[in-house]
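Line order of the protein sequences matches chains A and B.
Residue 226 in my numbering sits at position 179 of the first sequence, with consecutive numbering throughout.
Residue 87 in my numbering sits at position 23 of the second sequence, with consecutive numbering throughout.
Even glycine gets a Cβ: it sits at the ideal position worked out from N, Cα and C.
Below: the structure, in structure tokens.
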Amino acid sequence: MTIDVAVVGAGPAGLAAAARCARAGLATSLFDEQDSPGGQIYRGITEAPPARVDRLGAGYAAGREAVDAFRATTAAYVPNASVWSIRALPDATIELGVSTRASGASAAAPVTHMVRARAAILATGAQERPFPIPGWTLPGAMSVGGAQILLKTADLVPQGRVVLAGGGPLLWLAAGQLMDAGATIAALIETVPRGRMRQALTFAPAFLASRYFRHGLEFARRVRRRTRVVEFVESLAAVGVARVETLHYTSGGRSHEIAVDHLLLHQGVVPSVDLAGAAGCALRWNDVHACFEPAVDMWGGTTVASLFVTGDGAGIAGAEAAAARGALTGLAVANVLGRIDHRERDRAAAQLRRTLADAQRGRHFFDVLYRPADAFRVPTGETLACRCEEVTAQAVVDAARAGCTGPNQAKAWLRCGMGPCQGRYCALTVTELIARTRGVPPAEVGTYRHRFPVKPLTLAELASLPATPAATAAVVRD
Amino acid sequence: MFARPPDPDAPDGVPVTIDGVPFHARAGDSVAAALLAAGTIAFRTSAIGGAPRGPYCLMGTCFECLVEIDGVPNRQACTTRVAPGMRIAIQRGAARVAPAP
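Here's what the structure looks like:
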């Protein structure tokens, strides 16, 4: 199957990009891992009953418009689609390996096929940053984003003593949403270091006057009125036997503990770079965000021809910015594929760039304010760095001391990053642990080399692909 | 524990079993949501150390929520929706290779 444009991911960036391409007359397919559009920010928006949408607020309700605008175009929506490979072919087209699974039919084998597109746009969004503290693998400890998804898709509200810990706007937003849904938040434990607010404000004095800042303050005040907020926390440790029972924390050098039934952790989000990395796009270290992101130009163009990355997957800037970035990338692709000329592209882009600038106002303030403190990015001792293969921080440090130079060598030594999550929840941690130990910047240490398949794939799925006579001849003996 | 208001539109729900015990999930639930609604918080024990694990990201990236569904191990509970008659089982340690369906 050959199409003009393949878009991966149906969050704000992917929806906007696909809609732009389709409106320019390009045959566009949007491949989505979920079974309904919206990405994580608007997760479940098309199926949410009105009462749920009301409860989750205007930021969530905005997803309806984004999905409607996409659905009004000719772009095809392919749900339950796991894109496990992407590569640029010599003729500058892009080949994607895609498995789709019929919803609900658990035993039905996925259908696997190769898709060829004249251009591809990765809008794979973000994941929550690894937050390696002691006990973060205990049942009952869950990411804040995870708890939000349960709320958005299933109305599930955590019961008992709920404690949120970490930093970032989402921590406050989720606290408000959970309380509105009836949860009892025993405490919000914030890990933003003392003095960080002042530092952030010197970067963005103008932001003080913006509506974003006012709304943020108002929202935080509303949360503070209804729950206990502990600030400037310097360390966290979850403790329990079969599940999380207690959260230990230190503040001002003093130790405290709080009983918990649900511990919801959040330390910001980072771009999902696995597909871009595996496709050969150059990645760069963003030191303010403390993560790797694909190197992109102002349109989302990468170092690989015909392959674009847009939205939070190209660097965290939030949902509003993602929609504008997605549309900009759609224009660029329409231009590259000959549907519009430079002038038309730039004319249409002007308004989008203004929207983008407006959406990014104050972003630097948040970036500085919520850059996670070292203690919450670079763990020590027996804390698990790699959850899947159960590799401790100390093991990574010891390996680096013994001469292991980077994450790829660490895989061979320790198996970290080789479990089912394929390094998504340890890559940044392992990079920073090795960089610290070696005394070099993270950019020099690099990250795991991303490999296909970037999502697990059964041999049966692979074997179901049509084989060329040459490929068959290469492996079949007489 | 997780709780939610009753759904007046679908009081009967979707019949599944969890480790052989009948449970009524809600239509549209992910397997992870159904397990949590049923009061199950540990979905498996880890492949290396045998430690209890539960769902973490709920969006298909962390692979902590792996369970056995209709006899097939290592299925992501958070990205699979419940279906009538589905057999869900807690997974212990490293999963064996699944028999061909």
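In terms of residue numbering, what span does the beta strand (DSSP E) encompassing residue i cover?
i	result
A:Arg301	301-306
A:Met189	188-190
A:Leu203	From DSSP, A:Leu203 is part of no beta strand (DSSP E); its letter is neither H nor E.
A:Ala432	431-433
A:Leu235	232-237
A:Thr293	293-298
A:Thr478	No beta strand (DSSP E) contains A:Thr478, which is instead part of the alpha helix (DSSP H) from 474-485.
A:Ala329	Here A:Ala329 belongs to no beta strand (DSSP E), and DSSP marks it neither H nor E.
A:Leu283	280-286
B:Glu132	130-133
B:Pro86	85-89
A:Val210	209-214
Can residue i be considered in contact with the ligand NAD, in the sense that its beta carbon sits closer than 7 Å to one or more heavy atoms?
i	result
B:His88	Absence of the ligand NAD from the depicted structure is noted, as is the absence of any ligand whatsoever, leaving it without description.
What residues in its chain sit with their C-beta under 7 Å from that of residue i, if we drop five residues either side in the sequence?
i	result
A:Ala228	Arg102, Leu198, Val204
A:Pro240	Phe279, Ala420
A:Ala247	Phe412, Val415, Leu416
B:His88	Asp76, Gly77, Val78, Pro79
A:Thr121	Ala69
A:Ala432	Pro179, Pro426, Val438, Thr439, Ala440, Val443, Cys463, Cys473, Thr476, Val477, Leu480
B:Pro119	Ala96, Phe107, Glu128, Cys129, Ala141, Cys142
A:Glu418	Sequence check: residue 418 of chain A is Arg here, not Glu. Same-chain partners within the cutoff: Val335, Ala337.
A:Arg527	Coverage of chain A is limited to positions 48 through 525, which leaves residue 527 of chain A absent and any answer about it impossible.
A:Ala71	Ala381, Arg386, Ile387
A:Glu80	Ala128, Ser129
A:Arg301	none
Start and end of the alpha helix (DSSP H) containing residue i?
i	result
A:Trp460	454-461
A:Leu255	Careful: A:Leu255 lies outside any alpha helix (DSSP H) and carries neither H nor E.
A:Ala514	Unbroken run through A:Ala514: none, as it is neither H nor E.
A:Leu77	Premise fails: A:Leu77 lies in the beta strand (DSSP E), 75-78, not in any alpha helix (DSSP H).
Using DSSP with H/G/I as helix, E/B as strand and the rest coil, what is residue i?
i	result
B:Thr125	coil
A:Ile88	coil
B:Asp76	coil
A:Gly263	helix
A:Trp219	helix
A:Phe250	helix
A:Asp227	helix
A:Asp532	What the structure shows of chain A is the stretch from 48 to 525, and residue 532 of chain A is not part of that stretch, so it cannot be assessed.
A:Tyr124	strand
A:Gly106	helix
A:Ala449	coil
A:Ala69	helix
A:Asp51	strand
A:Gln469	coil
A:Leu185	coil
A:Arg245	helix
A:Thr519	helix
B:Gly92	coil
B:Ser102	The identity of residue 102 of chain B in the sequence shown is Ala, whereas the question assumes Ser. B:Ala102: coil per DSSP, three-state reduction.
B:Arg139	strand
A:Leu312	strand
A:Phe117	helix
A:Arg268	helix
Can you confirm whether residue i, when its beta carbon is compared against all beta carbons of chain A, has any partner nearer than 8 Å?
i	result
B:Asp83	no
B:Asp76	no
B:Ala67	yes
B:Ala106	yes
B:Ala101	yes
B:Gly124	yes
B:Ile112	yes
B:Gly157	no
B:Pro137	no
B:Ala115	yes
B:Phe87	no
B:Glu132	no
Can you find the residues in the same chain that come closer than 8 Å, C-beta to C-beta, to residue i, ignoring five residues on each side of it along the sequence?
i	result
A:Ala167	Val52, Ala53, Val54, Val55, Ile133, Ile141, Leu143, Ser353, Leu354, Phe355
A:Thr274	Ala222, Met226, Ile232, Ala233, Ala234, Leu235
Can you confirm whether residue i, when its beta carbon is compared against all beta carbons of chain B, has any partner nearer than 8 Å?
i	result
A:Arg290	yes
A:Cys328	no
A:Asp175	Note on residue identity: the sequence assigns Glu, not Asp, to residue 175 of chain A. Taking Cβ atoms only, chain B reaches closer than 8 Å to A:Glu175, which makes this a yes.
A:Arg208	no
A:Arg67	no
A:Ile196	yes
Subject >> Unbroken stretches of the beta strand (DSSP E), 3 residues or longer, contained in the region 126-174 of chain A >> reply: The region 126-174 of chain A contains these whole beta strand (DSSP E) runs: 128-135, 141-147, 158-169.
Subject >> alpha helix (DSSP H) runs wholly inside the region 340-402 of chain A, at least 4 long, in chain order >> reply: Listed in chain order, the complete alpha helix (DSSP H) runs (minimum 4 residues) inside the region 340-402 of chain A are 366-383.
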